[in-house]
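Novice: Got a structure here, written out as structure tokens. Questions coming.
Protein chains: 2
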Amino acid sequence: MTQGTENTSTDRRSDRTKAAILRAARERFAEHGYERTTIRAVASDAGIDPSMVMRYFGNKAQLFDATLTIDLRLPDLTDVAADELPQTLVRHFLARWEGDPADDALLVLMRSAVTNEQAAARMHEIFAAQVAPALAAALGPEAAARRAGLVSAQLLGLGLTRYLLRLPAVTTLTPDEIERGLAPAIQAVLDPD
Amino acid sequence: MTQGTENTSTDRRSDRTKAAILRAARERFAEHGYERTTIRAVASDAGIDPSMVMRYFGNKAQLFDATLTIDLRLPDLTDVAADELPQTLVRHFLARWEGDPADDALLVLMRSAVTNEQAAARMHEIFAAQVAPALAAALGPEAAARRAGLVSAQLLGLGLTRYLLRLPAVTTLTPDEIERGLAPAIQAVLDPD
DNA sequence: ACTGTAGGCCAACGAGTGTTGACTTTCCAG
DNA sequence: CTGGAAAGTCAACACTCGTTGGCCTACAGT
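Those protein sequence lines, which keep their order, are chains P and A.
Numbering-wise (the numbering used here), the first sequence opens with residue 316 and increments by one.
Numbering-wise (the numbering used here), the second sequence opens with residue 316 and increments by one.
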């Protein structure tokens, strides 16, 4: 399959179409979820034949898997003051989503994870590898373990209602209003009662 | 089609299989969402032929629609003290979900609404017809309009992470811990800052 | 100029889907 | 006892899907 010579800048041709397939797949999976996304549609978007998708990614599940490489880009929370932590979190996710929700990988994942085991498992991984440690840096490990779940529930709840379900009561709020409304709530979850 | 005589207690036979189909459909839609639920599987669960499903419900979309009749059974919040409101809400939804999440209609709807426009629209209706008025009774109309969205985001976030995504950080919490953790957060959203 | 190989296309397969119409069985009213 | 409607079965249609294998084309190395 891969020839012995490992060049950093050759294999030009295939790399470009491979990237085109990935880009198209991300968009489709984001908009319609796993089941309603067809290999034929992805190939058509990328301007190539469906069989090329199989050649480069094996099958649909592996293509989906290749799509799910997600970096939340959470800032280092070690030096963030306790009372600024909630607002930092809300602002971070809002900034991430307000840009172009349609192809944000985290929303892609949420959309598919509610019906697809593979996607749900990936969600668990991302949570354990990124969210939990980031909070542990700010709160200490044992407090983080107890609070991280509900914090995630609140942030994902915002993503769900505003960007996936698009509930009018949430979409009509401005980012500022959301930040002012949700930050105290997250503060309440973080505070020891 | 419907004969002139309108009996309240006859037409026995068909009513029972119609109910069996609905029950089976709810379970399937709840567990796998709209796309992955097949008419054949529903019919098999109900112990009848797939064509009967078509006879009684027309097509798959209409069967799905018939499944989505949801009553949140929210209590009357008019006489609930302001500081007991959050705990009342959290307790209500936890009680509803802890029983048998697998066939709770609201979770069915959430699971499908992230990829299905029809389901998302129904979610909007339910929200406008049930959640918003219930909160208006407790907070007054203009405060409710501003807060209802974020309250819904928090409650649906709980449902999403605990029952659909099953994030370990959330599923390992006891109902009591969730109530103690989340009620203050919802209080914070409701309070005018 | 020749050839091997990687990149790409085309046509088809097998399985599963929603849906339909004709046929059979059940059962109650006359 | 006997029609006839209601309830249910059966087999098939038309379609889409993921996936496969054979074929064509461009092009770099010799």
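Note that the Cβ used here is the ideal one computed from N, Cα and C, for glycine as well.
Quick check: what's the CA-CA separation for V504 (chain A) versus D380 (chain A)?
Specialist: Stepping through the second sequence from its first residue, residue 504 (chain A) is reached at position 189. Stepping through the second sequence from its first residue, residue 380 (chain A) is reached at position 65. The straight-line gap from Cα to Cα measures roughly 33 Å.
Novice: Who are the Cβ neighbours of A420 (chain A) in its own chain at under 6 Å, not counting the five residues just before and after it?
Specialist: As a position in the second sequence, residue 420 (chain A) is number 105, starting the count at 1. Closer than 6 Å at the Cβ level, and outside the excluded window around A420 (chain A), lie I385.
Novice: Which two residues bound the contiguous alpha helix (DSSP H) that contains V357 (chain P)?
Specialist: Taking the first residue of the first sequence as 1, we reach residue 357 (chain P) at position 42. Element bounds for V357 (chain P): I354 to A361.
Novice: When burial is assigned at 16 or more other CB atoms within 10 Å of the CB, is G414 (chain P) buried or exposed?
Specialist: Position 99 of the first sequence holds residue 414 (chain P). So G414 (chain P) counts as exposed.
Novice: Using a Cβ-Cβ cut-off of 8 Å (strictly less than) and excluding sequence neighbours within five positions of Q445 (chain P), which residues of its own chain qualify?
Specialist: Walking along the first sequence from the start, residue 445 (chain P) turns up at place 130. The residues are D386, L387 and L389.
Novice: Which whole-angstrom value is the C-beta distance of L475 (chain A) and L424 (chain A), which I expect to be below 8 Å?
Specialist: Here residue 475 (chain A) is taken as the residue at index 160 of the second sequence, counted from 1. Here residue 424 (chain A) is taken as the residue at index 109 of the second sequence, counted from 1. In fact, because the Cβ distance is near 12 Å, the residues do not count as touching under 8 Å.
Novice: Cβ atoms of A459 (chain P) and L471 (chain P): under 8 Å apart, would you say?
Specialist: Position 156 of the first sequence, counted from the start, is the residue given in the question as residue 471 (chain P). Position 144 of the first sequence, counted from the start, is the residue given in the question as residue 459 (chain P). Not a contact, by the Cβ cut-off of 8 Å.
Novice: Please go through the region 473-506 of chain A and give each complete beta strand (DSSP E) segment of 3 or more residues, from N-terminal end onward.
Specialist: none
Novice: If you draw a straight line from the alpha carbon of Q377 (chain A) to that of L400 (chain A), how long is it in whole angstroms?
Specialist: On the second sequence, residue 377 (chain A) is found 62 positions in, with the first residue counted as 1. On the second sequence, residue 400 (chain A) is found 85 positions in, with the first residue counted as 1. Computed Cα separation, rounded: 37 Å.
Novice: Let me confirm a value: T393 (chain P) is counted as buried when at least 16 other C-beta atoms fall within 10 Å, else exposed. Which label applies?
Specialist: Position 78 of the first sequence, counting from 1, holds the residue named residue 393 (chain P). By the neighbour-count rule (16 or more Cβ atoms within 10 Å), T393 (chain P) is not buried but exposed.
Novice: Compare the beta carbon distance of L479 (chain A) and V485 (chain P) with 8 Å and say whether it is the shorter of the two.
Specialist: To locate residue 479 (chain A), count along the second sequence from 1; it is residue 164. To locate residue 485 (chain P), count along the first sequence from 1; it is residue 170. No, Cβ-Cβ distance for L479 (chain A) and V485 (chain P) is not below 8 Å.
Novice: For S467 (chain P), count neighbouring Cβ atoms within 10 angstroms of its own Cβ and tell me buried if that reaches 16, exposed if not.
Specialist: Along the first sequence, one-based indexing puts residue 467 (chain P) at 152. By the 10 Å Cβ count, S467 (chain P) comes out buried.
Novice: Am I right that V405 (chain P) and I501 (chain P) are in contact with their C-beta atoms under 8 Å? What's the rounded C-beta distance?
Specialist: On the first sequence, position 90 is the one that residue 405 (chain P) refers to. On the first sequence, position 186 is the one that residue 501 (chain P) refers to. Indeed they touch by this definition, with Cβ atoms about 7 Å apart.
Novice: Could you please give the first and the last residue of the uninterrupted alpha helix (DSSP H) stretch that includes T403 (chain A)?
Specialist: As a position in the second sequence, residue 403 (chain A) is number 88, starting the count at 1. Secondary structure note for T403 (chain A): its alpha helix (DSSP H) is the uninterrupted segment L400 to G414.
Novice: Report the three-state DSSP secondary structure of T384 (chain P) (helix, strand or coil).
Specialist: Your numbering for residue 384 (chain P) matches position 69 in the first sequence. In this structure, DSSP gives T384 (chain P) a state outside helix and strand, which the three-state scheme calls coil.
Novice: For the region 337-350 of chain P, list every residue whose C-beta sits within 7 Å of some C-beta in chain A, in sequence order.
Specialist: H347, G348 and E350
Novice: Using a Cβ-Cβ cut-off of 8 Å (strictly less than) and excluding sequence neighbours within five positions of R462 (chain A), which residues of its own chain qualify?
Specialist: One-based indexing of the second sequence puts residue 462 (chain A) at position 147. So the qualifying residues of the chain are L450, L454, V504 and L505.
Novice: Determine the contact status of A498 (chain A) and Q402 (chain A), defining contact as a CB-CB distance below 8 Å.
Specialist: Here residue 498 (chain A) corresponds to residue number 183 of the second sequence, with the count starting at 1. Here residue 402 (chain A) corresponds to residue number 87 of the second sequence, with the count starting at 1. Result yes, Cβ atoms of A498 (chain A) and Q402 (chain A) sit closer than 8 Å.
Novice: Say whether chain A places a C-beta atom closer than 8 Å to the C-beta of G464 (chain P).
Specialist: Translated into the one-based positions of the first sequence, residue 464 (chain P) becomes position 149. By this cut-off, G464 (chain P) is an interface position.
Novice: Taking DSSP as the reference, what is the three-state secondary structure of P510 (chain P)?
Specialist: Outside the displayed range of chain P (316 to 508) lies residue 510 (chain P), so it cannot be described from this structure.
Novice: If you draw a straight line from the alpha carbon of M367 (chain P) to that of K333 (chain A), how long is it in whole angstroms?
Specialist: In the first sequence, residue 367 (chain P) corresponds to position 52, counting from 1. In the second sequence, residue 333 (chain A) corresponds to position 18, counting from 1. Each residue's alpha carbon lies about 46 Å from the other.
Novice: In chain P, which residues lie with their C-beta within 9 Å of the C-beta of L389 (chain A)?
Specialist: Within the second sequence, residue 389 (chain A) is the residue found at index 74, counting from 1. For L389 (chain A), there are no C-beta contacts with chain P under 9 Å, since the nearest C-beta of that chain is about 15 Å from it.
Novice: Taking 8 Å as the limit between beta carbons, can you name the residues of its chain near V395 (chain A), skipping five residues before and five after?
Specialist: Mapped onto the second sequence, residue 395 (chain A) falls at position 80. Cβ within range, chain order: T403 and A453.
Novice: Can you tell which of P:R338, P:E342 and P:T489 has the C-alpha that lies nearest to the C-alpha of R426 (chain P)?
Specialist: The residue labelled residue 426 (chain P) in the question sits at position 111 within the first sequence. If we check each option's Cα against that of R426 (chain P), P:E342 comes out closest.
Novice: Do you know offhand how far G319 (chain A)'s Cα is from G373 (chain A)'s?
Specialist: As a working mapping, residue 319 (chain A) is identified with position 4 in the second sequence. As a working mapping, residue 373 (chain A) is identified with position 58 in the second sequence. Low per-residue confidence applies at G319 (chain A): pLDDT is 35, beneath 50, and the placement is therefore not dependable enough to give any value.
Novice: Step through the CB atoms of chain A and report whether any lies within less than 8 Å of the CB of M438 (chain P).
Specialist: As a first step, residue 438 (chain P) is located in the first sequence; it is residue number 123 there, counting from the start. By this cut-off, M438 (chain P) is an interface position.
Novice: Using beta-carbon positions only, say whether V357 (chain P) and A339 (chain P) come within less than 8 Å of one another.
Specialist: Counting from one through the first sequence, the residue named residue 357 (chain P) turns up at place 42. Counting from one through the first sequence, the residue named residue 339 (chain P) turns up at place 24. Yes, Cβ-Cβ distance for V357 (chain P) and A339 (chain P) is below 8 Å.
Novice: How many Å lie between F408 (chain P) and R355 (chain A) at the Cα?
Specialist: Indexing the first sequence from 1 puts residue 408 (chain P) at position 93. Indexing the second sequence from 1 puts residue 355 (chain A) at position 40. Distance between the alpha carbons of F408 (chain P) and R355 (chain A) is about 42 Å.
Novice: Let me know the secondary structure DSSP gives G373 (chain P) once reduced to three states.
Specialist: Residue 373 (chain P) sits at position 58 when you count from the first residue of the first sequence. In the structure shown, G373 (chain P) sits in coil (DSSP, three-state: anything other than H, G, I, E or B).
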